[in-house]
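J.: Let me give you the structure first, and then I'll get to my questions.
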Amino acid sequence: MTLLKNLERFFFVPPDNPELIQSQAHGFTRQVPLMYAVLLANAIILSLTHLSAPPILTIVVPAILGAISLWRVARLWFVRDAEISDWQARRLLNRAVPVSAVLGLGFSAWALSLYPYGNAFQQAHVAFYIGITSLGCVYCLMHLRAAALSAAVCSLVPFALFFFMQGNPVLVAMACNLIIVVCALLFVTFLNFRTFAELVASRGEMVRRQDETQHLSDENKRLANIDALTGLPNRRQFDHALGLMLEQAKADGTDIAVARLDIDGFKAVNNIFGHATGDRVLIEMARRVMGLRSPSTFVARLEADVFGLILQGPVSEKRLTDCGELLCSTVREPFVLPGANPHVSASAGFAASRPNDTAEALCDRADYAIFVAKQEARGNAVVFSDRHASDISRVRALEHALHTADLDAEIYILFQPQFDMSQNRTTGYEVLARWRHPVLGEISPVDFIPMAERIGVISKITQTVLRKALAMVAQLPRPLRLSVNLSAHDLVSHTAIEAIVAQVESFGTPCRIDFEITETSVMHDMAQANAALVSLLSLGSRIALDDFGTGHSSLTYVQKLPLDRIKVDRSFVAEVTSDPTSRAIIKTTVDLCRNLGISCVFEGIETEEQLDVLVGLGGKVMQGYLFGRPMSEDMVLQHHARELRGDGIYVPTLLDVAS
Ligand code: C2E
Ligand code: CA
Ligand code: CA
Numbered sequence: 001m002t003l004l005k006n007l008e009r010f011f012f013v014p015p016d017n018p019e020l021i022q023s024q025a026h027g028f029t030r031q032v033p034l035m036y037a038v039l040l041a042n043a044i045i046l047s048l049t050h051l052s053a054p055p056i057l058t059i060v061v062p063a064i065l066g067a068i069s070l071w072r073v074a075r076l077w078f079v080r081d082a083e084i085s086d087w088q089a090r091r092l093l094n095r096a097v098p099v100s101a102v103l104g105l106g107f108s109a110w111a112l113s114l115y116p117y118g119n120a121f122q123q124a125h126v127a128f129y130i131g132i133t134s135l136g137c138v139y140c141l142m143h144l145r146a147a148a149l150s151a152a153v154c155s156l157v158p159f160a161l162f163f164f165m166q167g168n169p170v171l172v173a174m175a176c177n178l179i180i181v182v183c184a185l186l187f188v189t190f191l192n193f194r195t196f197a198e199l200v201a202s203r204g205e206m207v208r209r210q211d212e213t214q215h216l217s218d219e220n221k222r223l224a225n226i227d228a229l230t231g232l233p234n235r236r237q238f239d240h241a242l243g244l245m246l247e248q249a250k251a252d253g254t255d256i257a258v259a260r261l262d263i264d265g266f267k268a269v270n271n272i273f274g275h276a277t278g279d280r281v282l283i284e285m286a287r288r289v290m291g292l293r294s295p296s297t298f299v300a301r302l303e304a305d306v307f308g309l310i311l312q313g314p315v316s317e318k319r320l321t322d323c324g325e326l327l328c329s330t331v332r333e334p335f336v337l338p339g340a341n342p343h344v345s346a347s348a349g350f351a352a353s354r355p356n357d358t359a360e361a362l363c364d365r366a367d368y369a370i371f372v373a374k375q376e377a378r379g380n381a382v383v384f385s386d387r388h389a390s391d392i393s394r395v396r397a398l399e400h401a402l403h404t405a406d407l408d409a410e411i412y413i414l415f416q417p418q419f420d421m422s423q424n425r426t427t428g429y430e431v432l433a434r435w436r437h438p439v440l441g442e443i444s445p446v447d448f449i450p451m452a453e454r455i456g457v458i459s460k461i462t463q464t465v466l467r468k469a470l471a472m473v474a475q476l477p478r479p480l481r482l483s484v485n486l487s488a489h490d491l492v493s494h495t496a497i498e499a500i501v502a503q504v505e506s507f508g509t510p511c512r513i514d515f516e517i518t519e520t521s522v523m524h525d526m527a528q529a530n531a532a533l534v535s536l537l538s539l540g541s542r543i544a545l546d547d548f549g550t551g552h553s554s555l556t557y558v559q560k561l562p563l564d565r566i567k568v569d570r571s572f573v574a575e576v577t578s579d580p581t582s583r584a585i586i587k588t589t590v591d592l593c594r595n596l597g598i599s600c601v602f603e604g605i606e607t608e609e610q611l612d613v614l615v616g617l618g619g620k621v622m623q624g625y626l627f628g629r630p631m632s633e634d635m636v637l638q639h640h641a642r643e644l645r646g647d648g649i650y651v652p653t654l655l656d657v658a659s
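Residue numbers (my numbering): 1 to 659.
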């Protein structure tokens with residue numbers, strides 16, 4: 001059974017190895033035309049040496065055999081460079097076996113038929129022709145063992161029988177010689193075929209491995225460029241696409257636009273509804289944005305809750321504004337998610353490309369637009385315009401000026417009184433920094449303090465303010481105190497705190513300088529902030545938590561930090577006469593401070609009505625324009641002298657305006 005199977009596999013090319021079949025067909029179609037050429041050329045030469053034989057043998061039969069051979073050559077030639085299917089290749093090979101047998105038999109029989117018409121030399125030529133041609137054929141058919149064997153057997157068996165039957169020992173010897181050589185050649189051919197098959201298999205394996213490696217590398221590349229959560233391209237792919245699209249736009253003389261879409265307060269969504277819901281919001285966002293985009297728009301997820309778009313086509317301010325409004329209003333639609341229906345909004349910033357633009361500059365403008373949107377039009381879209389460009393130039397000029405400022409000469413301080421209603425006197429002043437640039441003039445702290453924090457010069461400013469405050473406090477009679485504002489950068493930096501402590505100590509302790517800190521300045525690193533506050537407390541300073549009520553989790557800080565007082569933000573004071581909620585919050589804060597044994601300062605009191613309500617709610621320490629605007633050193637001294645003269649009973653000092 002196995003033998004039969006093996007014989008079948010030997011004579012009929014099995015379909016289970018397409019690579020081998022294709023390689024065999026490839027080699028076969030290249031070598032077999034040569035075999036036919038040899039066969040025909042040798043046949044013609046043999047005919048020429050036997051011209052004395054009947055023409056049917058010297059012309060007709062070789063012509064028929066030659067025609068069959070030429071027809072085969074033509075067919076093989078036709079397919080030699082064509083892509084053929086596995087099935088076609090197999091059919092070609094399977095047909096070659098009987099054809100080889102028939103032609104082997106045909107040419108051999110024809111050559112032997114000439115034998116009786118020749119003399120001894122011509123007969124030797126017949127023997128030589130059959131022998132050498134058989135060897136040539138076996139060699140040329142090396143890619144198809146069955147065909148090589150068929151050709152060899154069908155040409156040699158009649159030849160050998162014929163020579164054996166002649167009874168001439170020399171002819172028998174010649175036949176034996178030939179059989180031995182052909183058998184040896186067949187053996188070598190079979191061995192070579194095995195090596196050939198192994199080579200094809202290993203090449204196939206190599207190609208498969210290469211394909212696998214390529215596939216893995218393609219998959220890695222895909223994953224490296226895709227955001228796993230939303231399936232959108234990630235920042236890396238966005239940057240790459242932006243570079244290409246910008247180049248293309250420049251080449252075409254067109255423009256593109258970049259948009260950033262940032263979810264407002266996404267952290268709160270995660271905190272309130274959990275991260276799983278946060279993820280679903282992002283997936284739904286991605287789906288909504290993809291649903292809105294035109295086919296040429298590229299959408300990516302750039303960061304946790306930031307999406308990036310690249311828009312092609314017209315980039316007029318009108319189109320970008322419409323597009324932004326559509327995006328933002330789509331995000332505002334309620335999210336119906338399993339177990340949660342969060343309401344989410346997103347702000348967007350758009351920027352159109354300019355001639356000779358770079359991807360970086362374009363993204364910077366879109367970033368700036370979203371920054372403006374977050375500040376001025378939260379939940380809406382802002383398109384970068386010339387106004388923003390001039391704002392940026394102004395900010396850059398200011399940043400440069402601040403970097404190069406002579407802080408000692410340009411920074412000066414004003415003082416705003418803090419009035420204690422229970423003692424009916426001013427107990428201290430808040431120190432407020434001012435910057436007067438020789439060319440740019442007065443610049444508000446609302447502008448330059450955040451800028452100083454951004455460009456890293458805030459600690460130098462704190463040092464300058466503190467030095468000037470220390471000089472001033474020495475002139476102020478006891479027990480008046482000064483309160484200096486600290487920024488987040490001061491609190492998180494060991495060097496900044498050490499410098500503050502060193503400066504205060506150089507003036508002698510216990511000192512009369514207090515410090516105001518904000519929640520944002522402690523929230524990043526509570527442990528470090530606590531350590532910093534402890535060093536300040538050890539100087540004899542008091543710590544106030546500024547802008548209370550504007551942060552997220554004020555009570556946590558009140559509980560955890562070593563505070564002496566809380567300063568209620570002026571936004572509550574402004575509404576205290578009109579808004580019952582503000583009143584309730586203020587009442588709760590007063591009670592909280594009383595329970596904790598710390599004092600409570602109200603900021604921004606501008607009217608008598610506000611003061612009346614605050615006093616009614618239990619407020620004691622007041623600060624605001626009603627008690628005095630930020631004033632110069634001289635005015636502080638005058639202000640104090642007036643209080644001492646007995647005008648100490650609370651007097652609104654709206655006229656105490658700093659020059
Ligand atoms: P802040 O610490 O909350 O300072 C109080 C701000 O409210 C001051 O503005 C003050 O002029 C203003 N103000 C006081 N009373 C009233 C009032 O009755 N009505 C109104 N509408 N405003 C009032 P200023 O001086 O412009 O300072 C703004 C912010 O700049 C300060 O807010 C503080 O955060 C920062 N700042 C000022 N000086 C310094 C400083 O030396 N260092 C640091 N790190 N920040 C400072
Ligand atoms: Ca303050
Ligand atoms: Ca404040």
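All C-beta atoms, glycine included, are put in the ideal place defined by N, C-alpha and C.
1) Mapping the DSSP letters down to three states, classify R436 as helix, strand or coil.
2) For the region 566-579 against the region 590-610, are there 3 or more C-beta pairs whose distance is under 8 Å?
3) In the DSSP assignment, find the unbroken beta strand (DSSP E) run with A268 in it and report its ends.
4) From M142 to G167, what does the alpha carbon distance come to, in whole angstroms?
5) Got a sec, what are the start and stop residues for the alpha helix (DSSP H) T204 sits in?
6) In chain order, what residues of the same chain have a beta carbon less than 6 Å from the beta carbon of G27, not counting five sequence neighbours either side?
7) Could you give the distance in angstroms between the alpha-carbon of V590 and the alpha-carbon of H388?
8) Can the beta-carbon of S69 be found closer than 8 Å to that of L103?
9) Identify whether P450 lies in helix, strand or coil by the three-state DSSP scheme.
10) Per the contact definition of three or more C-beta pairs closer than 8 Å, is the region 426-437 in contact with the region 476-483?
11) Below 7 Å, is the gap between the Cβ of E453 and the nearest heavy atom of ligand 2?
12) With distance defined between alpha-carbon atoms, name the residue in V172, A43 and T49 nearest to W110.
13) Which class does C363 belong to by DSSP, given the choice of helix, strand or coil?
14) Per DSSP, what are the beta-bridge partners of A381 in this structure?
15) Check the DSSP bridge columns for Y412 and list the partner residues they point to.
16) Measuring straight from C-alpha to C-alpha, what distance separates L655 and P417?
17) Can you give the Cα-Cα distance for E19 and F78, rounded to whole angstroms?
18) Tell me whether G508 sits in a helix, a strand or coil according to DSSP, three-state version.
19) Give the C-beta separation of R436 and E410 to the nearest angstrom, bearing in mind that I take them to be a contact with Cβ-Cβ under 8 Å.
20) Leaving aside the five residues before and after S659 along the sequence, list all residues of the same chain whose C-beta is less than 6 Å from its C-beta, in chain order.
21) Starting from A665, trace the alpha helix (DSSP H) both ways and give me its first and last residue.
22) Please return the same chain residues whose Cβ sits closer than 6 Å to the Cβ of G624, not counting the five positions on each side in sequence.
23) So, are the CB atoms of E643 and M472 less than 8 Å apart?
24) I want to check one thing, is the minimum distance from the CB of E519 to the heavy atoms of ligand 2 below 7 Å?
25) What is the rounded straight-line gap between the Cα of Y139 and the Cα of L185?
26) Which first and last residues belong to the beta strand (DSSP E) in which S483 is found?
27) If you draw a straight line from the C-alpha of I497 to the C-alpha of I513, how long is it?
28) Buried or exposed for H125, please, with buried defined as at least 16 other CB atoms from any protein chain shown within 10 angstroms of its CB.
29) Just checking E376 against ligand 2 - is the residue's beta carbon closer than 7 Å to any of the ligand's heavy atoms?
30) With H, G and I counted as helix, E and B as strand and the rest as coil, what does DSSP make of P355?
31) Quick check on the burial criterion: 16 or more other C-beta atoms within 10 angstroms. Buried or exposed for M451?
32) Tell me whether Q423 sits in a helix, a strand or coil according to DSSP, three-state version.
33) Between which residues of its own chain and E519 is the CB-CB distance below 6 Å, once the five residues before and five after are set aside?
34) Taking the alpha carbon of E608 as the point to measure from, which residue in D357, A173, L626 and F266 has its own alpha carbon closest?
35) Would you report the Cα separation of R454 and A488, rounded to the nearest angstrom?
36) Can you give me the Cβ contacts of G549 inside the same chain, cut-off strictly under 8 Å, excluding the 5 residues immediately before and after it?
T.: According to the structure data:
1) Position 436 of the sequence shown, counting from 1, holds the residue named residue 436. Here R436 sits in strand by DSSP.
2) Touching, per the Cβ criterion.
3) Working through the sequence shown from its first residue, we reach residue 268 at position 268. Taken as a continuous stretch (DSSP letters only), A268 belongs to no beta strand (DSSP E), being part of the alpha helix (DSSP H) at F266 to F273.
4) Within the sequence shown, numbered from 1, the residue matching residue 142 stands at position 142. Within the sequence shown, numbered from 1, the residue matching residue 167 stands at position 167. Those two C-alpha atoms are separated by around 34 Å.
5) In the sequence shown, residue 204 corresponds to position 204, counting from 1. Correcting the residue identity first, residue 204 is Gly in this sequence and not Thr. Judged by DSSP secondary structure, G204 falls within the alpha helix (DSSP H) whose first and last residues are P169 to A224.
6) Walking along the sequence shown from the start, residue 27 turns up at place 27. Taken in chain order, the residues that qualify are H143.
7) Along the sequence shown, read from residue 1 onward, the residue named residue 590 stands at position 590. Along the sequence shown, read from residue 1 onward, the residue named residue 388 stands at position 388. Near 43 Å, if we compare the C-alpha coordinates of H388 and V590.
8) Counting from 1 along the sequence shown, the entry for residue 69 is found at position 69. Counting from 1 along the sequence shown, the entry for residue 103 is found at position 103. Going by C-beta atoms, S69 is nearer than 8 Å to L103.
9) Start at 1 with the first residue of the sequence shown, and residue 450 comes out as number 450. In the structure shown, P450 sits in a helix (DSSP, three-state: H, G or I).
10) Contact between the region 476-483 and the region 426-437 is present, because at least three Cβ pairs lie under 8 Å.
11) Taking the sequence shown and counting its residues from 1, the one referred to as residue 453 is at position 453. Because no heavy atom of ligand 2 lies under 7 Å away, the Cβ of E453 does not count as near it: no.
12) Residue numbering aside, residue 110 sits at position 110 when the sequence shown is read from its first letter. Nearest to W110 by C-alpha distance, out of V172, A43 and T49, is A43.
13) Numbered from its first residue, the sequence shown carries residue 363 at position 363. Assignment of C363 by DSSP, reduced to helix, strand and coil, places it in the helix class.
14) Along the sequence shown, one-based indexing puts residue 381 at 381. Answer is A348.
15) Working through the sequence shown from its first residue, we reach residue 412 at position 412. Residue pairing for Y412: DSSP places it in a beta bridge opposite R434.
16) Within the sequence shown, the letter at position 655 stands for residue 655. Within the sequence shown, the letter at position 417 stands for residue 417. Only weak support is given to the placement of L655: the predicted model assigns it a pLDDT of 40, under 50, and the value that follows is read from those uncertain coordinates. So the two alpha carbons sit approximately 13 Å from each other.
17) Taking the first residue of the sequence shown as 1, we reach residue 19 at position 19. Taking the first residue of the sequence shown as 1, we reach residue 78 at position 78. Cα to Cα, E19 sits roughly 21 Å from F78.
18) By 1-based counting over the sequence shown, the position of residue 508 is 508. Correct three-state label for G508: coil.
19) What you label residue 436 is simply residue 436 of the sequence shown in a count that begins at 1. What you label residue 410 is simply residue 410 of the sequence shown in a count that begins at 1. The C-beta distance from R436 to E410 rounds to 6 Å, short enough to meet the 8 Å contact threshold.
20) Locating residue 659 in the sequence shown gives position 659, where the first residue counts as 1. The predicted position of S659 is uncertain, since its pLDDT is 33 and thus under 50; no value can be drawn from it.
21) Since the displayed the chain opens at 1 and closes at 659, residue 665 lies outside it and no answer follows.
22) Within the sequence shown, residue 624 is the residue found at index 624, counting from 1. In chain order, G604, I605 and E606 place their CB closer than 6 Å to the CB of G624, counting only its own chain and leaving out the 5 sequence neighbours on each side.
23) On the sequence shown, residue 643 is found 643 positions in, with the first residue counted as 1. On the sequence shown, residue 472 is found 472 positions in, with the first residue counted as 1. Their beta carbons are not under 8 Å apart, which means E643 does not touch M472 by this criterion.
24) Translated into the one-based positions of the sequence shown, residue 519 becomes position 519. It does not: the Cβ of E519 is nowhere closer than 7 Å to a heavy atom of ligand 2.
25) Here residue 139 refers to the residue found at position 139 when the sequence shown is read from its first residue. Here residue 185 refers to the residue found at position 185 when the sequence shown is read from its first residue. The C-alpha of L185 is placed about 8 Å away from the C-alpha of Y139.
26) Looking up residue 483 in the sequence shown gives position 483. Its beta strand (DSSP E) spans residues R481 to N485.
27) As a working note, residue 497 is residue 497 in the sequence shown. As a working note, residue 513 is residue 513 in the sequence shown. Cα to Cα, the separation comes out at about 14 Å.
28) Here residue 125 is taken as the residue at index 125 of the sequence shown, counted from 1. The residue in question, H125, is buried, as its Cβ has 16 or more Cβ neighbours within 10 Å.
29) Residue numbering aside, residue 376 sits at position 376 when the sequence shown is read from its first letter. In terms of side-chain proximity, the C-beta atom of E376 is found no nearer than 7 Å to any non-hydrogen atom of ligand 2.
30) As a working mapping, residue 355 is identified with position 355 in the sequence shown. The answer is coil: DSSP assigns P355 none of H, G, I, E or B.
31) Here residue 451 is taken as the residue at index 451 of the sequence shown, counted from 1. Buried.
32) Counting from one through the sequence shown, the residue named residue 423 turns up at place 423. Q423: coil per DSSP, three-state reduction.
33) As a first step, residue 519 is located in the sequence shown; it is residue number 519 there, counting from the start. Cβ within range, chain order: G551 and Y557.
34) The sequence position of residue 608 within the sequence shown is 608, counting from 1. Of D357, A173, L626 and F266, the residue nearest in Cα terms is L626.
35) Mapped onto the sequence shown, residue 454 falls at position 454. Mapped onto the sequence shown, residue 488 falls at position 488. The straight-line gap from Cα to Cα measures roughly 11 Å.
36) Sequence index remark: in the sequence shown, residue 549 carries index 549 (1-based). So the qualifying residues of the chain are V568, D569, S571, F572, I585 and T589.
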